[in-house]
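Visitor: Protein chains in written order, with the numbering used here: chain A, 2 to 166; chain B, 1298 to 1467. For glycine and all other residues, C-beta sits at the position ideal for the given N, C-alpha and C. These figures come from a predicted structure and were not determined experimentally.
1) Ends of the beta strand (DSSP E) at residue 70/A?
2) In the structure shown, what three-state DSSP assignment does residue 1312/B receive?
3) For residue 42/A, which option in 35/A, 87/A, 162/A, 68/A has the closest C-alpha, if you only look at C-alpha atoms?
4) Using C-beta distances below 6 Å, list every residue in its chain close to residue 1461/B, excluding the 5 sequence neighbours before and after it, in chain order.
5) Residue 1333/B: which of 1320/B, 1298/B, 1404/B sits nearest, CA to CA?
6) Beta-carbon of residue 1355/B versus every beta-carbon of chain A: anything under 9 Å?
7) Against residue 158/A, what residues of chain D qualify as contacts under a CB-to-CB distance less than 7 Å, listed in chain order?
8) Sorted by chain position, which residues of the same chain lie with C-beta nearer than 8 Å to residue 108/A's C-beta, five sequence neighbours on each side aside?
9) In angstroms with no decimal places, state the Cα-to-Cα distance between residue 114/A and residue 1407/B.
10) Using 10 angstroms around the beta-carbon of residue 79/A, count the other beta-carbons present and answer buried if the total reaches 16, otherwise exposed.
11) Tell me which residues share the same chain as residue 1415/B and place their Cβ nearer than 6 Å to its Cβ, disregarding the 5 neighbours each side in the sequence.
12) Between which two residues does the beta strand (DSSP E) holding residue 1408/B run?
13) Does DSSP classify residue 1347/B as helix, strand or coil?
14) Rounded to a whole number of angstroms, what is the C-alpha to C-alpha distance between residue 1451/B and residue 66/A?
15) By DSSP, does residue 1340/B sit in helix, in strand, or in coil?
16) Taking the alpha carbon of residue 1387/B as the point to measure from, which residue in 1404/B, 1327/B, 1311/B, 1315/B has its own alpha carbon closest?
17) Is the Cβ of residue 113/A closer than 9 Å to any Cβ of chain B?
18) Can you find the residues in the same chain that come closer than 7 Å, C-beta to C-beta, to residue 1358/B, ignoring five residues on each side of it along the sequence?
19) Here's a check: name, in chain order, each residue in its chain whose Cβ is nearer than 6 Å to the Cβ of residue 1348/B, leaving out the five neighbours to either side.
20) Just tell me which of 158/A, 29/A, 112/A, 58/A has its CA closest to the CA of residue 47/A.
21) Could you tell me which chain B residues have their CB closer than 8 Å to the CB of residue 163/A, listed as they occur along the chain?
22) Which residues of chain B have a Cβ atom closer than 8 Å to the Cβ of residue 127/A, listed in chain order?
23) On the DSSP bridge assignment, give the partners of residue 132/A in chain order.
24) Mind checking whether residue 1352/B and residue 1384/B have CB atoms under 9 Å apart?
25) Can you confirm whether residue 61/A, when its beta carbon is compared against all beta carbons of chain B, has any partner nearer than 9 Å?
26) Can you name the residues of chain A whose CB is closer than 7 Å to the CB of residue 1325/B?
27) What does residue 143/A reach in chain B if we use C-beta pairs closer than 9 Å?
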C-alpha cells in the first residue's frame, strides 16, 4: 500500500516538473525541454532556442547553406536574417517560430505552460495525396510489440481505425 | 490490433471520424481512401448504412485485387484526395498540444486547445469526441455527442461511401 502511494506521488512530481521553468517543444511528436531565452527575446509567442537546443529538439542544424536536416535544407532569407538569429552575449539564439512560418509548419502555443507544438510541414503531410503511397507508421500491438505498415508490403491491407469513446 | 495513443494514423491520413478504413494494395498504394467502414449493423439506426454492401466490396477486392471494381484508379484517387488546408493543419497542431497538456495532468489547460481545434476543423468528429470523452462535455463544452448528432438535422453523420453498383451475376 505504501509502495503504491509512493509511486503515485513520484508520478505526480514528475508530471508537475514537465512544466517547471524551461520551455517545452513538441516536434515530430516528441517533447523536449529547452532553455528559456533571455528577456530581450522572450516576448510574444515566438520561441527562441539555442542552436544546441534546436538540434536536440528538431534534429535541424544551422549550416552555412541554411537550416538543414539530412538532405533537407532551408536557406535563411538574407534580408530577414535578424528575424531568425540573434546573438545574446556568447550565445546565438534561433527563432524556431519564424522558421516554422518559413516552412509553413503549423504551430500551437500555450502561454501558461510555455509549450509549443509544431505539426508536420505541408509537403510532409500531403505527400500521399500526390504519391498515393500509404504513409508508413509504427505502433505497438496489444502486447506492446512494435509493428509497422511497411511490414505488410506484398499483402493487401485493410487499415481500419476505431476509438474507445 | 494496434494501439495509437497519439492519434498518429488519423493525423497521417486526415481521418475525421471512426470507424474509418483505407484500402492499401500489395505495393503500398492506396486504392480506396478514407471512408466509413462499419462491418456490422449495430449502429444502423443512427447512420442508415448497411454493412453487407461494404463487406461484399472488401471480399471482391480481396479476391480480385486492383481489378476489383471497388479499387480506384490513380486518376479517381487524385480526384478524391485533397491536400490538407491550412486551417486543418493548425487544428491538428492545436489538437496535438491539447493532447500533450492533458496527458501531463493539465486537463483544464487543454480545453481551450481542443476548442480551437474544433473551431478550425468543425467537421472533425475525432477532435470533438476525444475532448468530450476527457471532460464533462456539458460543463466544459456546453454540449454532448447526442446533442451534436441531433443538430445535423437529417444531414448524414458520415459522408456517403460512393461504392459502385456490384456487377449482376448471370
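Guide: Taking the structure as given:
1) 67-70
2) The answer is coil: DSSP assigns residue 1312/B none of H, G, I, E or B.
3) Selected option, being the one with the closest Cα: 87/A.
4) 1366
5) 1320/B
6) yes
7) Among the protein chains of the structure shown, namely A and B, there is no chain D.
8) 98, 101, 117, 118, 119, 120
9) Their Cα atoms are separated by approximately 10 Å.
10) exposed
11) 1424, 1425
12) The continuous stretches of beta strand (DSSP E) do not include residue 1408/B, which lies in the alpha helix (DSSP H) extending over residues 1404-1417.
13) coil
14) 56 Å
15) coil
16) A check of alpha carbon separations from residue 1387/B across 1404/B, 1327/B, 1311/B, 1315/B identifies 1311/B as the nearest.
17) At least one chain B Cβ lies under 9 Å of residue 113/A.
18) 1320, 1365, 1367, 1368
19) 1335, 1336, 1337, 1338
20) 112/A
21) 1315, 1316
22) Under the 8 Å cutoff, chain B gives 1380, 1381.
23) Bridge partners of residue 132/A: none, in fact.
24) no
25) no
26) 134, 135, 154
27) Proximity of chain B to residue 143/A at the Cβ level (cut-off 9 Å) is accounted for by 1298, 1299, 1300, in chain order.
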